[in-house]
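Notes follow the structure.
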Amino acid sequence: MKTGDLVRWSGSADADDGLGIILKVFRHPDEHGDGEAEIWWMPSLGQHGHRGIYPARHRYMEIINENR
0 MKTGDLVRWS GSADADDGLG IILKVFRHPD EHGDGEAEIW WMPSLGQHGH
50 RGIYPARHRY MEIINENR
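To convert, note that position 30 of the sequence shown is 29 in numbering that gives the first Met the number 0; the numbers rise steadily by one, no gaps.
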């Protein structure tokens, strides 16, 4: 995971699927934790875009396009 990667949030019954861009990785996931990344979530299904700090590794988030 690195700045510019495109990620997808899916699989949660509580939230809509969404696409986001990694703005900054503060800590990469490792054996001690899930790490942290700032993600900008694109507007979808009538929702405004937003950004925040999220776990860099989560069961509902996947990297779908790595920035080269």
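Cβ coordinates follow ideal geometry from the N, Cα and C atoms, glycine included.
Notebook entry, point to check: Would you call W39 buried or exposed, if buried means 16 or more other Cβ atoms sit within 10 Å of its Cβ?
Noted result: On the sequence shown, position 40 is the one that residue 39 refers to. Its Cβ having fewer than 16 others within 10 Å, W39 is exposed.
Margin query: Quick check: what's the CA-CA separation for G51 versus D29?
Written below: Position 52 of the sequence shown, counted from the first residue, corresponds to residue 51. Position 30 of the sequence shown, counted from the first residue, corresponds to residue 29. Approximately 21 angstroms between the Cα atoms of the pair.
Item checked: Counted within 10 angstroms of its Cβ, other Cβ atoms place M41 as buried (16 or more) or exposed -> The residue labelled residue 41 in the question sits at position 42 within the sequence shown. Under a 10 Å Cβ-count criterion, M41 is classified as exposed, with fewer than 16 other Cβ atoms of the shown protein chains found around its own Cβ.
Item checked: Alpha-carbon to alpha-carbon, P54 and H31 -> Stepping through the sequence shown from its first residue, residue 31 is reached at position 32. Stepping through the sequence shown from its first residue, residue 54 is reached at position 55. Approximately 13 angstroms, taken between the alpha carbons.
Margin query: Please return the same chain residues whose Cβ sits closer than 6 angstroms to the Cβ of L22, not counting the five positions on each side in sequence.
Written below: Residue mapping note: residue 22 aligns to position 23 of the sequence shown, counting from 1. In chain order, E37 and W39 place their CB closer than 6 angstroms to the CB of L22, counting only its own chain and leaving out the 5 sequence neighbours on each side.
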